[in-house]
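Have a look at the structure below before the remarks.
In the working numbering, the protein residues as written are 1 to 204.
Have a look at this one:
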């Protein structure tokens, strides 16, 4: 979330060379085949990867074929949706309110935490829910990066896929499908209710 807010601020308010390229890189996981993203994660964060070997040696942090890798893959796939929702919300904030706060003596950090982020709160919440929903349904990048190891890297979509390939597993697969639908629906409804409450507080 903090990284997504920072990137969204750069894209919404920043003026620098390469901004369009950064925007494209952030949204790249949305258009790349998930298997490609998973393979790139394997090359980067695998035990012999560009970052994976260094993290394993210095911090003991291993991603490949571990639950940490599944979390990383889910986060990478959900990150663009979170950034986009937050960016649009920040862009909708009236710049005159920020300017007024600065004329009253608030520094840029103060304006960010007192004016910008509170007014953009519904977008932050929407970004969290969208990222959660995307992470919940992530399959391709995860199974490519960390495989489908029971008790370690098996996610809900991977479990459903495994059960559909198992004789007599249709009933259990349907049960997990209903669980996935219920979790997603609950998250979206809760997000909508909280967003309305935040919007009413801001308007009031």
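Think of the CB as a built atom: it goes at the ideal place given N, C-alpha and C, for glycine as much as any other residue. Keep in mind it's a predicted model, so treat the numbers as computed, not measured.
Residue 73 and residue 104 have their C-alpha atoms roughly 44 angstroms apart. Taking residue 176 as the centre and dropping the five residues before and after it, the same chain places the C-beta of 156, 159, 160, 163 closer than 8 angstroms to its C-beta, in chain order. Sequence-distant partners of residue 12 (beyond 5 residues in either direction) whose C-beta falls short of 7 angstroms from its own C-beta, in its chain, are 87, 90, 91. Contact annotation: residue 63 and residue 78 have beta-carbon atoms that are not nearer than 7 angstroms. Distances from the CA of residue 26 to each of 60, 98, 8 were compared; the closest alpha carbon is that of 8. A direct Cα-Cα distance of roughly 24 angstroms separates residue 198 from residue 102. The continuous alpha helix (DSSP H) containing residue 162 extends over residues 156-164. Burial check for residue 154: the Cβ neighbour count within 10 Å reaches 16 or more, so the residue is buried. Taken in chain order, the unbroken stretches of alpha helix (DSSP H) that lie wholly in the stretch 40-103 and span 4 residues or more are 52-59, 67-91, 95-103. Going by DSSP, residue 111 is part of the alpha helix (DSSP H) stretching over 108-111.
Look at the stretch 119-199 and you find these whole runs of alpha helix (DSSP H), each 4 residues long or longer: 121-136, 140-146, 156-164. Rounded to the nearest whole angstrom, the CA to CA distance from residue 136 to residue 24 is 24 angstroms.
With respect to residue 39, residue 116 sits apart: the two C-beta atoms are not nearer than 7 angstroms. If you draw a 10 Å sphere on the C-beta of residue 191, you find 16 or more other C-beta atoms in it, and that means buried.
Rounded to the nearest angstrom, the gap between the Cα atoms of residue 140 and residue 97 is 43 angstroms.
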